[in-house]
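Asker:
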Amino acid sequence: MSKILDKKLLSRDVVQMKLLAPEIASERQAGQFIIVQVDSDFSERIPLTIADADAEEGSITIIFQIVGKSTLKLAQKNVGDHVENLLGPLGKPTHIEKAGTVVCVGGGIGVAPLHPIAQAMKKAGNRVITIIGARNKDLLILEDEMRAIADELIVCTDDGSYGRKCLVTEPLREICEKGGVDLAVAIGPAIMMKFCAETTRPFGVLTYASLNTIMVDGTGMCGGCRVTVGNETKFVCVDGPEFDAHLVDFDNMMLRLRSYKPQEQDANHECRLQAAIDELQR
Amino acid sequence: MSYIPADELRKEAESLINEIDFTSLKPKDRLKIPMQEMPAQEPKARAKNIQEVALGYFEEQVKLEAERCLQCKNAPCIKGCPVAIDIPGFIKAAAEGDYQKSVNIIKQSSMLPAICGRVCPQETQCMAECTVGKSLKDLDKSVAIGRIERFVADWERAKGKMSVPEIAPPTGKKVGIVGSGPAGLTAAADVRKAGHEVVLFEAFHKLGGVMIYGIPEFRLPKEILDKEIDNLLSMGVQIKKNFLVGRTRKVKDLIEKDGFDALFIGTGAGLPNFMNIEGENLVGVSSANEFLTRANLMKAYNPDKADTPIFTGKRTAVIGGGNVAMDAARMALRVGAEEVYVIYRRTEKEMPARREEVAHAKEEGIIFNFLSSPVRIIGDETGKVKAVECLRYELGEPDDSGRRKPVAVKGSEFILEMDSVIMALGNSSNPLISQTAPEIGINRWGNITVDEDGKTSMERVYAGGDIVLGAATVILAMGEGRRAAASINRLLAEE
Ligand SMILES: Cc1cc2nc3c(=O)[nH]c(=O)nc-3n(C[C@H](O)[C@H](O)[C@H](O)COP(=O)(O)OP(=O)(O)OC[C@H]3O[C@@H](n4cnc5c(N)ncnc54)[C@H](O)[C@@H]3O)c2cc1C
Ligand SMILES: Cc1cc2nc3c(=O)[nH]c(=O)nc-3n(C[C@H](O)[C@H](O)[C@H](O)COP(=O)(O)OP(=O)(O)OC[C@H]3O[C@@H](n4cnc5c(N)ncnc54)[C@H](O)[C@@H]3O)c2cc1C
Ligand code: SF4
Ligand code: FES
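The listed protein sequences correspond, in order, to chains Y and U. Residue numbering for the first sequence follows the numbering used here, beginning at 12 and increasing consecutively. Residue numbering for the second sequence follows the numbering used here, beginning at 305 and increasing consecutively.
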């Protein structure tokens, strides 16, 4: 049982929630995630990154996008309500080191998991350049928080409604061309991570991606989260979630992410989802 | 075995009971009593529902079956039982109609009788040693020990009051149990009985280990599992669900910072094996663990209520030949597959699955493809499974396991059209504990190594069950839990 301490809408379909979870709050490190299940009987177990934590208060913060039934169910909970099951912290923590200059690239909701990593990279003494992007201005999250950490912040939107009108890969390429980049971290939709990897590859910049595969248990038991990395099968929940992006088979990952698409669409017509999100705004 | 409707079985038993004079049965007469078949749901109907397949004996049948036991002085059956249940003792009480006494006798050795009565591989354990089977030259006709066990356990549960073991006065010592499978549950109960405070850590949101997430409802109803576990825990064991030892808290911290005097690790063998063949990561390929967890733990068999989706192809191939493969195949039928194929590289004789489960699977219409094994999985243009390419095999010389080794027949490739594939190739040990606690020694298969007391290479830390044995059975895991608990109790008593 975990109590919801705080809830905020960051954009139309992005929710920030603070949950009481003292054990997780005191152990978690950057890059780790939790599995959430709203209620024990029929809810799905979904993985969400720990975006922030306060060990003293015993709280963790998650930021999630409403994309289907389970994220909607979670979003419909209010302050004071409880979430039945929280498991974590899961996954290997990000390897934080003093590399020199680190470029952190976040797309859409991916900025949420990127935040604690950028924070830790900065704390480790790196120069941190951050690129954050979204489809449009309204979908952009954590801009102020990222600005507070980064030595340099670049904002892009697909439609040009805010910041530069471009994809995140464009400034990433420019920065790589200038040279002096020691490490890159990319988190966002699989397709974005794939192209970030392609962008840094010619420059030989070591790039990490945090993979958001489908998961069931998060403990290495089901094999549902498997991806191909350097021709080997890896389990994202225990071997990851971060991998060398240049070795990840993103095409297969994207394919597998669509595994349950027909069932999910059946369970959840777009229009019903939109109506429910509208309801939340009130 | 062919299907006989339940009411017919009952009528037969009723008339037989009236014919027999139980006061003067000689061994020869006992051998003449026919073995009582287990009543079961009609195969066609049950293949589409999730309710328990085997319905349990009628009272008349228990009487007859129990009277078949010769009460052998040397009781060879006990030697076949990993936890040495007093088998003739509980059978005698059942024959006399004293079911409470019967179940109490079982509980001296096994904490979970309704479960063991359902899932233990009796045919390779107690029944394999039974004098009746040997005398009749047919081990299938041994006394049906597990079915009698199941009956008396169900009887007690139905009565609503289950007996709870006595607990010694508090000792002030605290023991942590990691994992709530049969090994952990048994260890928890035994340590608690000695008066120690016990905290049970479980990663999942429900207790039971493989019994809750792996073994399907139709073979082990979760309500029964929950009741049996509740009873065990009514002894005052504290539960911490959603707690992954190694991540939520390190083994070392539990001992050094949180004041646990000892730990038992029963984390099971939960890392699915794959074949590393082409196409294994296509959409529509899953491990049996994923498939069964979605189905059982997340109740995906109930699509109206469950949020967790499950892949329901029309033609499903299940690769493997153990209990896991049988469970996955039969579950696939129940969640919507129209045809289910089991692909196994040896013959039926070598299949490790329980015979009863294979027979049930056949009755339900599962199709078996023996002596064949997949070489690659073929996808369509969208990356979904389209077919499985297999090779035929022949049996060669016996290998290390004593089973004849399958040898591929050159050029025998053939293609089976499929839209989903479930890999049921067994499980290896979950590496999380050893990765996060390097003090704990493992062998080359990743199993935790223990001494004869069940102790690991780390002070105060014991282990048992599948994490030590590799994928084994419920009752062996329970036996391991017992042994380690006894060592822990000894250690703490000495301090
Ligand atoms: C390690 C990890 C960390 C994550 N962190 C975050 C986070 O901080 N914030 C956040 O918003 N999301 C995060 N995700 C993704 C999140 O788990 C999914 O969005 C969520 O499971 C979708 O559940 P749903 O039932 O609402 O949608 P569904 O009905 O299950 O799916 C809706 C759509 O989303 C797609 N989808 C399903 N599961 C995932 C998935 N795991 N990742 C991406 N797309 C998916 C489906 O293909 C479908 O099209 C993370 C995933 C992983 C593996
Ligand atoms: C599908 C299937 C069918 C089977 N059928 C039969 C059968 O018919 N008869 C039979 O006798 N045997 C059967 N078996 C085998 C039997 O279930 C196992 O041998 C037995 O459950 C092992 O018990 P265990 O206590 O060692 O571990 P498990 O039952 O595997 O339990 C381990 C528990 O530990 C938890 N855990 C793991 N890591 C951690 C951690 N770090 N922190 C906290 N918790 C953790 C897991 O979530 C799990 O709940 C079957 C197995 C499967 C998979
Ligand atoms: S061996 Fe068979 S007949 Fe003999 S006591 Fe055991 S169950 Fe009864
Ligand atoms: S989520 Fe099940 S193995 Fe990773």
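For every residue, glycine included, the Cβ atom is placed at its ideal position computed from N, Cα and C.
With a threshold of 6 Å (Cβ to nearest heavy atom), would residue 246(Y) be considered close to ligand 4?
Answerer: Here residue 246(Y) refers to the residue found at position 235 of the first sequence. Indeed, a heavy atom of ligand 4 lies less than 6 Å from the Cβ.
Asker: Determine the chain A residues that contact residue 267(Y) at a beta-carbon separation under 7 Å, and present them in chain order.
Answerer: Of the protein chains in this structure, namely Y and U, none is chain A.
Asker: Evaluate the contact criterion for the region 213-227 of chain Y versus the region 244-263 of chain Y: three or more CB pairs, one atom per stretch, below 8 Å.
Answerer: yes
Asker: Using the Cβ count rule (16 or more neighbours within 10 Å means buried), how would you classify residue 508(U)?
Answerer: Position 204 of the second sequence, counted from the first residue, corresponds to residue 508(U). Buried, since its Cβ has 16 or more Cβ neighbours within 10 Å.
Asker: Could you tell me the alpha carbon to alpha carbon distance between residue 345(U) and residue 424(U), rounded to whole angstroms?
Answerer: The residue you call residue 345(U) lines up with position 41 of the second sequence. The residue you call residue 424(U) lines up with position 120 of the second sequence. Residue 345(U) and residue 424(U): Cα-Cα distance of roughly 20 Å.
Asker: Determine, using beta carbons only, whether residue 239(Y) comes closer than 7 Å to chain U.
Answerer: Position 228 of the first sequence, counting from 1, holds the residue named residue 239(Y). At a cut-off of 7 Å between beta-carbon atoms, residue 239(Y) makes contact with chain U.
Asker: Mind checking if residue 486(U) is an interface residue toward chain Y, Cβ cutoff 7 Å exclusive?
Answerer: The residue labelled residue 486(U) in the question sits at position 182 within the second sequence. By this cut-off, residue 486(U) is not an interface position.
Asker: State whether the region 93-103 of chain Y contacts the region 116-124 of chain Y, with contact taken as three or more CB pairs (one from each stretch) at a distance under 8 Å.
Answerer: no
Asker: Could you check if residue 212(Y) is buried or exposed, using at least 16 other CB atoms within 10 Å of its CB as the buried criterion?
Answerer: Mapped onto the first sequence, residue 212(Y) falls at position 201. By the neighbour-count rule (16 or more Cβ atoms within 10 Å), residue 212(Y) is not buried but exposed.
Asker: For chain Y, find out if any of its Cβ atoms is closer than 7 Å to the Cβ of residue 320(U); answer yes or no.
Answerer: The count along the second sequence starts at 1 and reaches residue 320(U) at position 16. No, residue 320(U) does not count as interfacial toward chain Y.
Asker: When you compare the CB of residue 100(Y) with every CB in chain U, is at least one pair closer than 7 Å?
Answerer: Along the first sequence, one-based indexing puts residue 100(Y) at 89. Interface residue, yes.
Asker: State the start and end residues of the unbroken alpha helix (DSSP H) segment that holds residue 265(Y).
Answerer: The sequence position of residue 265(Y) within the first sequence is 254, counting from 1. DSSP places residue 265(Y) inside the alpha helix (DSSP H), whose first and last residues are 261-268.
Asker: Between the Cα of residue 741(U) and those of 449(U), 550(U), 495(U) and 338(U), spot the shortest distance and give me the residue it belongs to.
Answerer: Locating residue 741(U) in the second sequence gives position 437, where the first residue counts as 1. That would be 550(U), whose Cα lies nearest to the Cα of residue 741(U).
Asker: What is the residue span of the beta strand (DSSP E) that residue 616(U) lies within?
Answerer: Counting from 1 along the second sequence, the entry for residue 616(U) is found at position 312. Here residue 616(U) belongs to no beta strand (DSSP E), and DSSP marks it neither H nor E.
Asker: Would residue 106(Y) be called buried (16 or more neighbouring beta carbons within 10 Å of its own) or exposed?
Answerer: In the first sequence, counting from the first residue as 1, residue 106(Y) sits at position 95. That one is exposed.
Asker: What residues match up with residue 219(Y) in a beta bridge as DSSP calls it?
Answerer: Sequence index remark: in the first sequence, residue 219(Y) carries index 208 (1-based). DSSP lists 196(Y) and 255(Y) as partners of residue 219(Y).
Asker: What runs of the alpha helix (DSSP H), each 4 residues or longer, lie entirely inside the region 552-582 of chain U?
Answerer: 555-560
Asker: If you draw a straight line from the alpha carbon of residue 449(U) to that of residue 627(U), how long is it in whole angstroms?
Answerer: The residue labelled residue 449(U) in the question sits at position 145 within the second sequence. The residue labelled residue 627(U) in the question sits at position 323 within the second sequence. Answer to the nearest angstrom: the Cα atoms are 20 Å apart.
Asker: Just to check, is the beta-carbon of residue 59(Y) closer than 6 Å to a non-hydrogen atom of ligand 1?
Answerer: Along the first sequence, one-based indexing puts residue 59(Y) at 48. Within the cutoff, so yes.
Asker: List in chain order: all unbroken alpha helix (DSSP H) runs of 4+ residues lying wholly within the region 617-664 of chain U.
Answerer: 627-638
Asker: Name the DSSP bridge partner or partners of residue 237(Y)?
Answerer: Position 226 of the first sequence, counted from the first residue, corresponds to residue 237(Y). Note: residue 237(Y) sits in a beta bridge opposite 246(Y).
Asker: Which residue from 487(U), 352(U) and 594(U) puts its Cα closest to that of residue 632(U)?
Answerer: Within the second sequence, the letter at position 328 stands for residue 632(U). Ranking 487(U), 352(U) and 594(U) by CA distance to the CA of residue 632(U) puts 594(U) first.
Asker: Which residues does DSSP pair with residue 501(U) in a beta bridge?
Answerer: Here the question's residue 501(U) lines up with position 197 in the second sequence. 478(U).
Asker: Please confirm if residue 231(Y) has its CB atom under 7 Å from at least one CB of chain U.
Answerer: Position 220 of the first sequence holds residue 231(Y). Interface residue, yes.
Asker: In three-state terms, what does DSSP make of residue 56(Y)?
Answerer: Against the first sequence, residue 56(Y) aligns to sequence position 45. Coil.
Asker: Figure out for me which residue from 138(Y), 126(Y) and 45(Y) has the closest Cα to the Cα of residue 59(Y).
Answerer: Walking along the first sequence from the start, residue 59(Y) turns up at place 48. Minimum Cα distance to residue 59(Y) is reached at 45(Y).
Asker: Relative to the alpha-carbon of residue 57(Y), which residue among 39(Y), 36(Y), 65(Y) and 86(Y) has its alpha-carbon at the smallest distance?
Answerer: Mapped onto the first sequence, residue 57(Y) falls at position 46. Among 39(Y), 36(Y), 65(Y) and 86(Y), the Cα nearest to that of residue 57(Y) is on 86(Y).
Asker: Where do the N-terminal and C-terminal ends of the beta strand (DSSP E) with residue 437(U) fall, by residue?
Answerer: Reading the second sequence from its first residue, position 133 is the one you call residue 437(U). Segment 435-439 is the alpha helix (DSSP H) holding residue 437(U); no beta strand (DSSP E) there.
Asker: If you run the structure through DSSP and keep just helix, strand and coil, what is residue 517(U)?
Answerer: On the second sequence, position 213 is the one that residue 517(U) refers to. In this structure, residue 517(U) counts as helix in the three-state DSSP scheme.
Asker: Among 768(U), 764(U) and 511(U), which one has its Cα closest to the Cα of residue 751(U)?
Answerer: The sequence position of residue 751(U) within the second sequence is 447, counting from 1. Residue 751(U) has its Cα closest to that of 768(U), out of 768(U), 764(U) and 511(U).
Asker: Suppose the cutoff is 6 Å on Cβ atoms and the five residues either side in sequence are ignored; what does the same chain contact list for residue 447(U) look like?
Answerer: In the second sequence, residue 447(U) corresponds to position 143, counting from 1. 372, 373, 434 and 436, listed in sequence order.
Asker: Which residues bound the beta strand (DSSP E) around residue 673(U)?
Answerer: Position 369 of the second sequence holds residue 673(U). 671-673 is the extent of the beta strand (DSSP E) around residue 673(U).
Asker: Given that residue 54(Y) touches chain U, what residues does it touch there, using C-beta distances under 7 Å?
Answerer: Within the first sequence, the letter at position 43 stands for residue 54(Y). Neighbours of residue 54(Y) on chain U, chain order: 611.
Asker: Helix, strand or coil: which one does DSSP assign to residue 177(Y)?
Answerer: Mapped onto the first sequence, residue 177(Y) falls at position 166. DSSP places residue 177(Y) in coil when its eight states are reduced to three.
Asker: Taking 6 Å as the limit between beta carbons, can you name the residues of its chain near residue 643(U), skipping five residues before and five after?
Answerer: Sequence index remark: in the second sequence, residue 643(U) carries index 339 (1-based). If we look at residue 643(U) and ignore the five residues flanking it on each side, its Cβ neighbours are 619.
Asker: What are the start and end residues of each continuous alpha helix (DSSP H) run of 4 or more residues lying completely inside the region 373-432 of chain U, in chain order?
Answerer: 380-384, 391-399, 403-411 and 417-423
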